[in-house]
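Residue numbers (the numbering used here): -13 to 174.
The following block contains the structure:
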């Protein structure tokens, strides 16, 4: 096997179960969670939504692929979200006990194809990263050959046929006036 990044504090979890438990915890603390509610406008400390107006002291724009639209509603111009597609393949075995990452690559749009064991004894392989035009296009387009080559870096004996198409996701990449922005922007 080749080089890899070892992060002893990394791990895996059931994301859906985590979010459900987090919602219960927050509701017990008095937080109102509004589902199926779209923001339609923003005036100062008032959010206009499809359900009602919401008065707030602080707005955290965590709208993902639509964060640029929310920023524009709040009067913040120049921000653009570009969707960065990531396709995954699935390996129906768990050759690793914790996530395994390639060493960082200069100019990469993500962490590179890596191995992530799942709670059901399989391994996610991916994601790759490439920009797409449509925020709603989630079609899996990648071929298994590239992923098999990446996995062979760690597991030289892996057969291409061991990989099954997994899922795809679009990660929001923030740009300001066409220049990439690191992770978060805080405006007061």
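For each residue, glycine too, the CB sits at the ideal point set by N, CA and C.
Treat the numbers as computed from the prediction; the structure is a model and nothing was measured.
Could you tell me if residue i is buried or exposed, where buried requires 16 or more neighbouring beta carbons within 10 angstroms of its beta carbon?
{"i": "residue 179", "result": "Lying outside -13 to 174, the shown extent of the chain, residue 179 is not represented and no answer is given."}
{"i": "residue 71", "result": "buried"}
{"i": "residue 143", "result": "exposed"}
{"i": "residue 6", "result": "exposed"}
{"i": "residue 22", "result": "exposed"}
{"i": "residue 136", "result": "buried"}
{"i": "residue 128", "result": "buried"}
{"i": "residue 12", "result": "exposed"}
{"i": "residue 148", "result": "buried"}
Among the options, which has the Cα closest to the Cα of residue i?
{"i": "residue 44", "options": "16, 4, 30, 145", "result": "30"}
{"i": "residue 103", "options": "136, 169, 76", "result": "76"}
{"i": "residue 27", "options": "109, 60, 82, 89", "result": "60"}
{"i": "residue 19", "options": "3, 37, 32", "result": "37"}
{"i": "residue 113", "options": "41, 97, 124", "result": "97"}
{"i": "residue 107", "options": "53, -7, 81", "result": "81"}
{"i": "residue 110", "options": "3, 168, 84", "result": "84"}
{"i": "residue -7", "options": "156, 89, 54", "result": "89"}
Looking at residue i: is its Cβ nearer than 9 Å to the Cβ of residue j?
{"i": "residue 122", "j": "residue 99", "result": "no"}
{"i": "residue 166", "j": "residue 51", "result": "no"}
{"i": "residue 8", "j": "residue 105", "result": "no"}
{"i": "residue 69", "j": "residue 118", "result": "yes"}
Just to confirm my understanding: we take residue i, look at its own chain, exclude 5 residues before and 5 after, and list those with CB closer than 7 Å. What are they?
{"i": "residue 173", "result": "62"}
{"i": "residue 86", "result": "-10, 100, 101, 140"}
{"i": "residue 146", "result": "130, 131, 134"}
Looking only at its own chain, which residues have a Cβ that is under 6 Å from the Cβ of residue i, when we skip the five neighbours before and after it?
{"i": "residue 49", "result": "56"}
{"i": "residue 126", "result": "73, 151, 154"}
Ignore the nearest five residues each way along the sequence and tell me which others in residue i's own chain have a CB closer than 8 Å to its CB.
{"i": "residue 171", "result": "65, 160, 162"}
Handout entry: Length at least 4, wholly inside the stretch 8 to 88: the alpha helix (DSSP H) runs in chain order
Key = Counting only unbroken stretches of 4 or more residues, the alpha helix (DSSP H) elements lying wholly within the stretch 8 to 88 are 53 to 59, in sequence order.
Exercise for the section: Counting only runs of 3+ residues fully inside the stretch 94 to 131, write out the beta strand (DSSP E) ranges in chain order. Expected result: Fully enclosed beta strand (DSSP E) runs of 3 or longer: 100 to 103, 109 to 112.
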